[in-house]
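The structure appears right after this line, and notes come after that.
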Amino acid sequence: MKFSIGGSLKLAFRPWVEGLENIPAEGPAILASNHLSFSDSFFLPAVLDRKVTFIAKAEYFTSPGVKGKLTAAFFKGVGQLPVDRSGARGAGEAAVKAGIAVLDGGGLFGIYPEGTRSPDGRLYRGKPGGLARVALASGAPVIPVAMIDTEKIQPPGKVVPKLMRPGIRIGKPLDFSRYHGMEGDRFILRSVTDEVMYEIMNLSGQEYVDIYATAAKRRIAERKAAADKAAKEAAKEAAKETANAAARTDRSDEAAKTDRPAA
């Protein structure tokens, strides 16, 4: 990916980077990033000398047909690890195991604490089940990362990206070794996650929203569905009123022809 897509990405989009010195030359580390676009998982590895392994939803590896096979081959080729997200707990366990395996091998493990892409460019509450548990179980440092303007390059649903310069800010490593062995304490997990999200917020300059991005997406979908329903009802009422007006006009015309008063 670095030698094929990576070089093309850097040449075409010219991403700017701050804080590269915070990435260790060797040894395990967790890259915890905000998530604005599908392209985040390509821009970040492209600007680093080391390989970054992210987790990806299992659907990318199991879709049928020629397109599905090509997609699966691509994600495997760039080192993505499939995670089944059909159950919240199952997905969390899979993410933790995948992350620990990468870190045990001395690699860089990339994770998006928000759990999904931001629906509106704001930063949402981090989920503690993956990031914090991996950090505490492995003892690896957590490096906060902020992707900037990638949502403008490739918004959700857009296939053809817009040519513009994205940015990447890499913060200083966070050490949570003081909590080692406490990954079973939900209050510690919440504290670790919030500390990381605070650093990402400072790096990205995003507005922070203290709800999960999945909940925000659900609310947006519900509002859109309600608006669509209201628009359809309004269209029906308008059509009904138009039909009634036409009927009244027809009755008036008929009455005029027969010299009878209109009803």
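The numbering of the sequence shown is this note's numbering, which starts it at 64 and goes up by one.
Just so it is clear, CB atoms sit at the ideal spot from N, CA and C, and this is done for glycine as well.
For residue i versus residue j, is the C-beta spacing smaller than 9 Å?
i: SER267; j: ARG228; result: no
i: GLY131; j: LEU199; result: no
i: VAL146; j: ALA195; result: no
i: GLY230; j: ILE263; result: no
i: PRO236; j: PRO87; result: yes
i: ILE93; j: ALA203; result: yes
i: ASN85; j: GLN269; result: no
i: PHE137; j: THR213; result: no
i: ARG188; j: ILE274; result: yes
i: VAL255; j: TYR271; result: no
i: LYS225; j: ILE216; result: yes
Looking only at its chain, what residues have a beta carbon closer than 6 Å to the beta carbon of residue i, apart from the 5 residues adjacent to it on each side?
i: GLU81; result: ARG232
i: GLY69; result: ALA109
i: SER201; result: ILE163, LEU166
Express the C-alpha separation of residue j and residue i in angstroms, rounding to a whole number.
i: TYR261; j: LYS73; result: 29 Å
i: THR179; j: ASP257; result: 17 Å
i: PRO108; j: LYS160; result: 21 Å
i: ASP316; j: ASP291; result: 37 Å
i: ARG185; j: ARG281; result: 15 Å
i: SER104; j: THR134; result: 14 Å
i: PHE101; j: GLU156; result: 23 Å
i: ALA95; j: ILE163; result: 14 Å
i: ALA310; j: LYS299; result: 16 Å
i: VAL222; j: GLU89; result: 35 Å
i: GLN143; j: THR305; result: 57 Å
i: PRO91; j: ILE251; result: 22 Å
i: PRO218; j: PHE124; result: 22 Å
i: ILE238; j: GLU246; result: For the record, residue 238 in the displayed sequence is Asp; it is not Ile. Whole-angstrom Cα-Cα distance: 15 Å.
i: ARG314; j: ALA294; result: 30 Å
i: ASN307; j: LEU99; result: 50 Å
i: ALA276; j: THR312; result: 53 Å
i: PRO127; j: SER71; result: 29 Å
Which same chain residues, not among the five before or five after residue i, have their C-beta less than 7 Å away from its C-beta?
i: VAL165; result: THR116, PHE172
When the Cα of residue i is compared with those of the options, which residue comes out closest?
i: ARG113; options: GLY247, LYS295, GLY169; result: GLY169
i: LEU83; options: ALA310, ASP248, TYR275, VAL208; result: VAL208
i: ILE206; options: ASP212, ILE216, ARG188, PRO176; result: PRO176
i: LYS139; options: ASN307, ALA121, TYR187, LYS221; result: ALA121
i: LEU111; options: TRP79, ALA279, THR312; result: TRP79
i: ARG253; options: GLY193, LYS287, ALA75; result: GLY193
Keeping to the same chain, check which residues put their C-beta closer than 8 Å to that of residue i; ignore five residues upstream and five downstream.
i: ARG249; result: PRO191
i: ARG77; result: ARG228
i: VAL197; result: ILE93, ALA158, VAL159, GLY162, ILE163, LEU166, PHE172, ILE174, ALA203
Runs of beta strand (DSSP E) lying entirely within the region 103-139, each at least 3 residues, in chain order | 115-120
> What are the start and end residues of each continuous alpha helix (DSSP H) run of 4 or more residues lying completely inside the region 205-234, in chain order?
Replying inline: 213-216
Original post:
What are the uninterrupted segments assigned as beta strand (DSSP E) that are 3 or more residues long and contained completely in the region 65-96, given in chain order?
Top reply: 79-81, 92-96
Could you tell me which whole alpha helix (DSSP H) segments of length 4 or greater appear in the region 228-294? 249-267
Fully enclosed by the region 143-196, which beta strand (DSSP E) runs are 3 residues long or longer? 144-146, 171-174
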